[in-house]
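Undergrad: Could you have a look at this structure, given as C-alpha coordinates, before my questions?
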Amino acid sequence: MNTLRLSRALLAGLALTLPVAWVDGSMAQGRPATQRKAPKGPKLDVPALEAQLKSRNAGEMRAALAIARPAGPAAAPLAPTLERILRDGLPSDLSIEAMQTLAAIGSETSSGALSTLTHHRDPKLRREAARALIKTRGPEAVKALRRCMSDGDGAVREVAASGLGQLGAKEMVPDLFVALDHKVAEAAGAIGQLCDAAQCEQLLGKLTRISFDILSPGFDQILFRPTSEVSDDLKIKVVGRVREMGTVESNRLLKDVQGRWPAKGSKKVKQAIDQAVIATEGGAGAKPEGGAQ
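Laid out in C-alpha coordinates, this is it:
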(Lines of atoms letter the chains of each structure in order from A and count residues from 1; the text may use other names and numbers.)
(Lines give C-alpha, C1' and ligand atoms only; values in the text may rest on other atoms or scores of the structure.)
Protein backbone atom coordinates (compact mmCIF):
# COMPACT_ATOMS: atom_id res chain seq x y z
CA MET A 1 0.00 0.00 0.00
CA ASN A 2 2.83 2.38 0.91
CA THR A 3 4.52 1.55 -2.40
CA LEU A 4 1.30 2.30 -4.34
CA ARG A 5 0.87 5.66 -2.56
CA LEU A 6 4.49 6.57 -3.29
CA SER A 7 4.08 5.75 -6.99
CA ARG A 8 0.95 7.89 -7.24
CA ALA A 9 2.70 10.78 -5.52
CA LEU A 10 5.66 10.55 -7.90
CA LEU A 11 3.38 10.52 -10.94
CA ALA A 12 1.46 13.54 -9.67
CA GLY A 13 4.68 15.46 -9.07
CA LEU A 14 5.98 14.57 -12.51
CA ALA A 15 2.77 15.79 -14.14
CA LEU A 16 3.17 19.16 -12.43
CA THR A 17 6.70 19.58 -13.77
CA LEU A 18 5.93 18.59 -17.36
CA PRO A 19 5.96 21.45 -19.94
CA VAL A 20 2.67 22.57 -21.34
CA ALA A 21 3.63 21.03 -24.68
CA TRP A 22 3.00 17.57 -23.22
CA VAL A 23 -0.46 18.57 -22.13
CA ASP A 24 -1.54 19.87 -25.54
CA GLY A 25 0.00 16.88 -27.30
CA SER A 26 2.48 18.78 -29.43
CA MET A 27 5.47 16.90 -28.07
CA ALA A 28 3.77 13.68 -29.08
CA GLN A 29 3.87 15.08 -32.61
CA GLY A 30 7.62 15.54 -32.43
CA ARG A 31 7.93 19.34 -32.07
CA PRO A 32 7.90 21.76 -29.10
CA ALA A 33 4.92 24.06 -28.65
CA THR A 34 6.98 27.12 -29.64
CA GLN A 35 7.62 25.62 -33.10
CA ARG A 36 4.05 24.81 -34.03
CA LYS A 37 3.01 26.16 -37.41
CA ALA A 38 0.87 29.28 -37.43
CA PRO A 39 -2.67 28.61 -38.56
CA LYS A 40 -3.23 29.27 -42.25
CA GLY A 41 -5.57 32.03 -43.35
CA PRO A 42 -8.88 31.20 -44.98
CA LYS A 43 -8.64 29.76 -48.49
CA LEU A 44 -9.96 31.80 -51.37
CA ASP A 45 -13.32 30.70 -52.69
CA VAL A 46 -12.09 30.67 -56.30
CA PRO A 47 -15.41 29.68 -57.96
CA ALA A 48 -17.29 32.40 -56.10
CA LEU A 49 -14.67 35.03 -56.92
CA GLU A 50 -14.62 33.97 -60.57
CA ALA A 51 -18.39 34.35 -60.70
CA GLN A 52 -18.11 37.85 -59.28
CA LEU A 53 -15.41 38.82 -61.78
CA LYS A 54 -17.47 37.51 -64.69
CA SER A 55 -20.65 39.21 -63.49
CA ARG A 56 -19.79 42.53 -65.20
CA ASN A 57 -21.30 44.19 -62.14
CA ALA A 58 -18.83 46.87 -61.04
CA GLY A 59 -19.55 46.45 -57.33
CA GLU A 60 -19.22 42.67 -57.44
CA MET A 61 -16.03 42.86 -59.48
CA ARG A 62 -14.46 45.44 -57.21
CA ALA A 63 -15.30 43.34 -54.14
CA ALA A 64 -13.66 40.28 -55.72
CA LEU A 65 -10.55 42.25 -56.64
CA ALA A 66 -10.31 43.60 -53.10
CA ILE A 67 -10.18 40.01 -51.82
CA ALA A 68 -7.84 38.65 -54.50
CA ARG A 69 -5.23 41.42 -54.54
CA PRO A 70 -3.95 41.05 -50.94
CA ALA A 71 -3.77 37.27 -51.44
CA GLY A 72 -0.94 37.75 -53.95
CA PRO A 73 0.34 34.51 -55.52
CA ALA A 74 -2.36 32.53 -53.69
CA ALA A 75 -4.85 34.12 -56.08
CA ALA A 76 -3.08 32.63 -59.14
CA PRO A 77 -6.12 30.49 -60.12
CA LEU A 78 -7.95 33.76 -60.83
CA ALA A 79 -5.29 35.06 -63.25
CA PRO A 80 -6.83 33.56 -66.44
CA THR A 81 -10.20 35.12 -65.61
CA LEU A 82 -8.59 38.48 -64.90
CA GLU A 83 -6.68 38.33 -68.19
CA ARG A 84 -9.87 37.50 -70.08
CA ILE A 85 -11.93 40.34 -68.64
CA LEU A 86 -9.08 42.79 -69.28
CA ARG A 87 -8.96 41.75 -72.92
CA ASP A 88 -12.74 42.08 -73.16
CA GLY A 89 -12.54 45.63 -71.81
CA LEU A 90 -13.36 47.24 -68.49
CA PRO A 91 -13.99 50.75 -67.18
CA SER A 92 -10.71 52.56 -66.53
CA ASP A 93 -10.77 52.26 -62.73
CA LEU A 94 -11.56 48.54 -62.81
CA SER A 95 -8.87 47.94 -65.43
CA ILE A 96 -6.31 49.54 -63.13
CA GLU A 97 -7.46 47.43 -60.17
CA ALA A 98 -7.38 44.27 -62.27
CA MET A 99 -3.84 45.03 -63.46
CA GLN A 100 -2.72 45.73 -59.91
CA THR A 101 -4.15 42.36 -58.91
CA LEU A 102 -2.26 40.59 -61.70
CA ALA A 103 0.88 42.39 -60.55
CA ALA A 104 0.30 41.13 -57.00
CA ILE A 105 -0.18 37.58 -58.30
CA GLY A 106 3.03 37.93 -60.33
CA SER A 107 2.44 35.15 -62.86
CA GLU A 108 4.56 35.34 -66.02
CA THR A 109 1.64 33.97 -68.03
CA SER A 110 -0.16 37.29 -67.47
CA SER A 111 2.47 39.29 -69.36
CA GLY A 112 0.74 38.70 -72.70
CA ALA A 113 -2.56 40.22 -71.60
CA LEU A 114 -0.80 43.12 -69.93
CA SER A 115 1.29 43.76 -73.04
CA THR A 116 -1.84 44.43 -75.07
CA LEU A 117 -2.78 47.20 -72.64
CA THR A 118 0.48 49.03 -73.31
CA HIS A 119 -1.21 50.04 -76.61
CA HIS A 120 -4.29 51.51 -74.89
CA ARG A 121 -5.22 55.09 -75.80
CA ASP A 122 -5.35 56.09 -72.11
CA PRO A 123 -1.83 56.85 -70.79
CA LYS A 124 -2.93 56.00 -67.22
CA LEU A 125 -3.69 52.45 -68.33
CA ARG A 126 -0.45 52.20 -70.29
CA ARG A 127 1.48 53.29 -67.20
CA GLU A 128 -0.28 50.75 -65.00
CA ALA A 129 0.30 48.00 -67.56
CA ALA A 130 4.02 48.83 -67.63
CA ARG A 131 4.21 48.73 -63.83
CA ALA A 132 2.42 45.39 -63.73
CA LEU A 133 4.74 43.91 -66.38
CA ILE A 134 7.69 44.54 -64.06
CA LYS A 135 6.04 42.17 -61.58
CA THR A 136 4.93 39.49 -64.06
CA ARG A 137 8.35 39.41 -65.76
CA GLY A 138 9.42 37.16 -68.61
CA PRO A 139 10.40 37.72 -72.28
CA GLU A 140 7.02 39.21 -73.21
CA ALA A 141 7.34 41.75 -70.42
CA VAL A 142 10.84 42.74 -71.58
CA LYS A 143 9.66 43.10 -75.18
CA ALA A 144 6.69 45.25 -74.17
CA LEU A 145 8.78 47.47 -71.88
CA ARG A 146 11.30 48.01 -74.67
CA ARG A 147 8.48 49.25 -76.87
CA CYS A 148 7.16 51.42 -74.04
CA MET A 149 10.41 53.40 -73.98
CA SER A 150 9.15 55.02 -77.20
CA ASP A 151 5.70 55.79 -75.77
CA GLY A 152 4.26 59.26 -76.25
CA ASP A 153 3.80 59.64 -72.49
CA GLY A 154 6.92 60.53 -70.52
CA ALA A 155 5.84 58.65 -67.39
CA VAL A 156 5.34 55.45 -69.40
CA ARG A 157 8.85 55.82 -70.82
CA GLU A 158 10.33 56.30 -67.35
CA VAL A 159 8.50 53.27 -65.89
CA ALA A 160 9.62 51.14 -68.83
CA ALA A 161 13.29 52.11 -68.54
CA SER A 162 13.32 51.54 -64.80
CA GLY A 163 11.54 48.22 -65.28
CA LEU A 164 14.12 46.89 -67.72
CA GLY A 165 16.77 47.52 -65.09
CA GLN A 166 14.74 45.73 -62.43
CA LEU A 167 14.18 42.77 -64.75
CA GLY A 168 17.91 42.43 -65.39
CA ALA A 169 17.43 42.75 -69.16
CA LYS A 170 21.10 43.22 -70.06
CA GLU A 171 20.37 42.76 -73.74
CA MET A 172 18.41 46.02 -73.60
CA VAL A 173 21.37 48.25 -72.64
CA PRO A 174 21.84 49.57 -76.21
CA ASP A 175 18.15 50.51 -76.30
CA LEU A 176 18.48 52.16 -72.91
CA PHE A 177 21.31 54.32 -74.25
CA VAL A 178 19.05 55.42 -77.09
CA ALA A 179 16.35 56.25 -74.54
CA LEU A 180 18.88 58.17 -72.43
CA ASP A 181 19.88 60.24 -75.45
CA HIS A 182 16.18 61.02 -75.89
CA LYS A 183 16.00 62.35 -72.31
CA VAL A 184 14.46 59.31 -70.60
CA ALA A 185 16.12 60.00 -67.25
CA GLU A 186 15.38 56.60 -65.66
CA ALA A 187 17.47 54.94 -68.35
CA ALA A 188 20.67 56.04 -66.58
CA GLY A 189 19.88 54.07 -63.43
CA ALA A 190 18.88 51.03 -65.47
CA ILE A 191 22.13 51.19 -67.46
CA GLY A 192 24.05 51.36 -64.19
CA GLN A 193 22.31 48.18 -63.04
CA LEU A 194 23.03 46.26 -66.24
CA CYS A 195 26.15 47.59 -68.00
CA ASP A 196 29.26 45.56 -68.72
CA ALA A 197 32.66 47.26 -68.35
CA ALA A 198 32.60 48.91 -71.79
CA GLN A 199 29.00 50.07 -71.38
CA CYS A 200 29.71 51.47 -67.91
CA GLU A 201 32.56 53.51 -69.40
CA GLN A 202 30.19 54.61 -72.16
CA LEU A 203 27.89 55.96 -69.46
CA LEU A 204 30.82 57.86 -67.94
CA GLY A 205 31.48 59.36 -71.36
CA LYS A 206 28.02 60.95 -71.32
CA LEU A 207 29.17 63.41 -68.63
CA THR A 208 30.18 65.93 -71.28
CA ARG A 209 26.70 66.02 -72.82
CA ILE A 210 24.12 65.03 -70.21
CA SER A 211 23.32 66.59 -66.85
CA PHE A 212 25.12 65.03 -63.89
CA ASP A 213 21.86 64.84 -61.95
CA ILE A 214 20.42 62.59 -64.65
CA LEU A 215 23.50 60.36 -64.82
CA SER A 216 24.24 60.10 -61.08
CA PRO A 217 21.71 57.29 -60.37
CA GLY A 218 23.60 55.19 -62.91
CA PHE A 219 26.93 55.83 -61.19
CA ASP A 220 25.35 55.00 -57.85
CA GLN A 221 24.16 51.64 -59.21
CA ILE A 222 27.58 50.83 -60.66
CA LEU A 223 29.38 51.51 -57.38
CA PHE A 224 27.16 49.17 -55.37
CA ARG A 225 27.20 46.24 -57.79
CA PRO A 226 29.17 43.14 -56.72
CA THR A 227 32.81 42.84 -57.75
CA SER A 228 31.88 39.79 -59.83
CA GLU A 229 29.99 42.20 -62.13
CA VAL A 230 31.98 45.44 -61.84
CA SER A 231 35.66 45.45 -60.91
CA ASP A 232 37.10 47.62 -58.16
CA ASP A 233 39.29 49.34 -60.75
CA LEU A 234 36.24 50.41 -62.74
CA LYS A 235 34.48 51.61 -59.60
CA ILE A 236 37.54 53.67 -58.67
CA LYS A 237 37.49 55.12 -62.18
CA VAL A 238 33.86 56.14 -61.70
CA VAL A 239 34.73 57.77 -58.37
CA GLY A 240 37.61 59.59 -60.05
CA ARG A 241 35.43 60.99 -62.84
CA VAL A 242 32.81 62.13 -60.34
CA ARG A 243 35.57 63.70 -58.25
CA GLU A 244 36.81 65.62 -61.29
CA MET A 245 33.42 67.31 -61.58
CA GLY A 246 34.14 69.23 -58.38
CA THR A 247 30.54 70.41 -58.07
CA VAL A 248 27.99 70.57 -55.29
CA GLU A 249 26.14 67.71 -57.00
CA SER A 250 29.21 65.48 -57.26
CA ASN A 251 30.12 66.09 -53.63
CA ARG A 252 26.55 65.27 -52.60
CA LEU A 253 26.63 61.95 -54.47
CA LEU A 254 30.02 61.01 -53.05
CA LYS A 255 28.91 61.76 -49.49
CA ASP A 256 25.74 59.76 -49.99
CA VAL A 257 27.70 56.77 -51.30
CA GLN A 258 30.21 57.14 -48.46
CA GLY A 259 27.42 57.00 -45.89
CA ARG A 260 25.93 53.84 -47.40
CA TRP A 261 29.15 51.97 -48.17
CA PRO A 262 28.89 48.47 -46.66
CA ALA A 263 31.23 47.56 -43.81
CA LYS A 264 32.46 44.57 -45.80
CA GLY A 265 32.77 46.52 -49.05
CA SER A 266 36.03 47.01 -50.93
CA LYS A 267 38.58 48.94 -48.85
CA LYS A 268 40.25 50.26 -52.01
CA VAL A 269 37.04 51.73 -53.34
CA LYS A 270 36.15 53.11 -49.90
CA GLN A 271 39.51 54.87 -49.71
CA ALA A 272 38.93 56.43 -53.13
CA ILE A 273 35.48 57.60 -52.06
CA ASP A 274 36.80 59.09 -48.80
CA GLN A 275 39.52 60.98 -50.65
CA ALA A 276 37.06 62.20 -53.28
CA VAL A 277 34.70 63.53 -50.61
CA ILE A 278 37.53 65.55 -49.06
CA ALA A 279 38.74 66.77 -52.44
CA THR A 280 35.32 68.01 -53.53
CA GLU A 281 34.35 69.48 -50.15
CA GLY A 282 36.43 72.63 -50.44
CA GLY A 283 35.64 73.24 -54.09
CA ALA A 284 31.99 72.21 -53.95
CA GLY A 285 30.00 74.88 -55.71
CA ALA A 286 33.08 76.50 -57.24
CA LYS A 287 32.34 74.88 -60.59
CA PRO A 288 29.08 74.87 -62.47
CA GLU A 289 27.48 71.50 -63.06
CA GLY A 290 28.66 69.92 -66.31
CA GLY A 291 26.47 68.51 -69.05
CA ALA A 292 24.22 70.00 -71.66
CA GLN A 293 20.83 68.41 -70.98
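In our numbering, the protein residues as written are 13 to 305.
We treat Cβ as the ideally placed atom computed from N, Cα and C, and that holds for glycine.
Using the three-state DSSP reduction, which class does N263 fall into: helix, strand or coil?
TA: Correct three-state label for N263: helix.
Undergrad: Taking the alpha carbon of R74 as the point to measure from, which residue in A88, R96, I146 and L102 has its own alpha carbon closest?
TA: Out of A88, R96, I146 and L102, L102 has the C-alpha closest to the C-alpha of R74.
Undergrad: Express the C-alpha separation of K136 and K155 in angstroms, rounding to a whole number.
TA: Cα to Cα, K155 sits roughly 20 Å from K136.
Undergrad: Less than 8 Å between the CB atoms is what I'm expecting for A173 and A153, so what's the real figure, rounded?
TA: Rounded, the Cβ-Cβ distance is 14 Å, inconsistent with contact.
Undergrad: Considering Cα atoms alone, identify which of E241, D232 and P238 is closest to V251.
TA: Comparing Cα positions, the closest option is D232.
Undergrad: Using only alpha-carbon positions, find the residue among S262, L266 and D187 that is nearest to D286.
TA: Here the closest residue by C-alpha is L266.
Undergrad: One question on the structure: do S107 and L114 come within less than 8 Å of each other, judged by their Cβ atoms?
TA: For S107 and L114, no; Cβs fall outside 8 Å.
Undergrad: What whole-angstrom Cβ distance do D225 and E183 have, given they're in contact under 8 Å?
TA: Actually they do not touch by this definition, with Cβ atoms about 28 Å apart.
Undergrad: Please state if the CB of A191 and the CB of A199 are separated by a distance shorter than 8 Å.
TA: Yes.
Undergrad: How do the region 156–165 and the region 214–230 stand: do at least 3 beta-carbon pairs fall below 8 Å, yes or no?
TA: Because the criterion of three Cβ pairs below 8 Å is not met, the region 156–165 and the region 214–230 do not touch.
Undergrad: Residues in its own chain within less than 6 Å of A288 by CB, not counting five upstream and five downstream?
TA: Excluding residues within five positions, the ones whose Cβ falls inside 6 Å are V251, R255 and L266.
Undergrad: Please state whether DSSP places S278 in a helix, a strand or coil.
TA: Coil, per DSSP.
Undergrad: Considering only residues of the same chain and omitting the five flanking positions on each side of D163, which have a CB-CB separation below 6 Å?
TA: The residues are R169.
Undergrad: Thinking just about the alpha-carbon of each residue, which of V281, T259 and P85 is nearest to the one in L246?
TA: Among V281, T259 and P85, the Cα nearest to that of L246 is on V281.
Undergrad: Apart from the five residues on each side of it in sequence, which residues of its chain come closer than 8 Å, Cβ to Cβ, to S243?
TA: Within the same chain, S243 has close Cβ partners A209.
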